[in-house]
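Asker: With positions in the sequence shown counted from 1, the corresponding number in this note's numbering is that position plus 99.
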Amino acid sequence: MQQQYRRLLAGIPGITLHDNPSPRHRSNFWLCTITIDPSVRVKGQDEAYAEVLTGAVGGAAGVTHAAASATTDCQPNANVEAMRSALDAAGIEARPLWKPMHRQPVYSTAPAYTNGVSEALFRTGLCLPAGPWVTDDDLRHIATTIRSAIEQ
């Protein structure tokens, strides 16, 4: 599936698929992820975080606190959120990479040894659909949607 994504998304400036980190290591690509360079303009990115959701924020044990804003101090770039929204509007489920553990509220007071890599990947990364039920037609639809979401 990763190779199909690589072929279908080839030539899109600023869109990069993750690859094996070195010849000594091989990914199983259980997640097919892309990074979107901050310079890539995605339709709707100026409004990506404009819709503010307020109310209760739930946690595993129920409501944890009231939210006054949909934005946080660690979130995907606006172009990544706009791409996720464009995919969602086309019926395609995508999600940001996982928020770095040391940025999760439950670990806010824990020691963290960081170098900025996880934050950078979270800001620019997007997980694309993958799995045994994703067809070749689905992959083409996903790639077409990504291409059409980018401003020319």
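Ideal Cβ placement from N, Cα and C applies to all residues, glycine included.
For the pair the segment 206-215 and the segment 117-134, tell me if three or more CB-CB distances fall below 8 Å.
Answerer: With the cut-off at 8 Å, the segment 206-215 and the segment 117-134 do not touch.
Asker: List, from N- to C-terminal side, the beta strand (DSSP E) runs of 3 residues or more that fit wholly inside the segment 213-250.
Answerer: The segment 213-250 contains these whole beta strand (DSSP E) runs: 224-227.
Asker: To the nearest angstrom, how far is it from the Cα of R140 to the Cα of V205?
Answerer: By one-based count along the sequence shown, residue 140 stands at place 41. By one-based count along the sequence shown, residue 205 stands at place 106. Spanning the two alpha carbons is a distance of roughly 34 Å.
Asker: Anyone know if the C-beta pair for I191 and I241 falls short of 7 Å?
Answerer: Here the question's residue 191 lines up with position 92 in the sequence shown. Here the question's residue 241 lines up with position 142 in the sequence shown. A contact, by the Cβ cut-off of 7 Å.
Asker: Rounded to whole angstroms, what is the Cα-Cα separation between P199 and T132?
Answerer: To locate residue 199, count along the sequence shown from 1; it is residue 100. To locate residue 132, count along the sequence shown from 1; it is residue 33. Roughly 16 Å between the two C-alpha positions.
Asker: Is N298 buried or exposed, if buried means 16 or more other CB atoms sit within 10 Å of its CB?
Answerer: No answer is possible for residue 298: it lies beyond the span of the chain, which begins at 100 and ends at 251.
Asker: For the alpha helix (DSSP H) holding L107, just list the boundary residues, first then last.
Answerer: In the sequence shown, counting from the first residue as 1, residue 107 sits at position 8. Unbroken alpha helix (DSSP H) run through L107: Q101 to L107.
Asker: Work out the CA separation of P137 and T223 for me, nearest whole Å.
Answerer: Walking along the sequence shown from the start, residue 223 turns up at place 124. Walking along the sequence shown from the start, residue 137 turns up at place 38. For T223 and P137, the distance between alpha carbons rounds to 7 Å.
Asker: Could you compute how far the alpha carbon of R106 sits from the alpha carbon of M182?
Answerer: Start at 1 with the first residue of the sequence shown, and residue 106 comes out as number 7. Start at 1 with the first residue of the sequence shown, and residue 182 comes out as number 83. Approximately 19 Å, taken between the alpha carbons.
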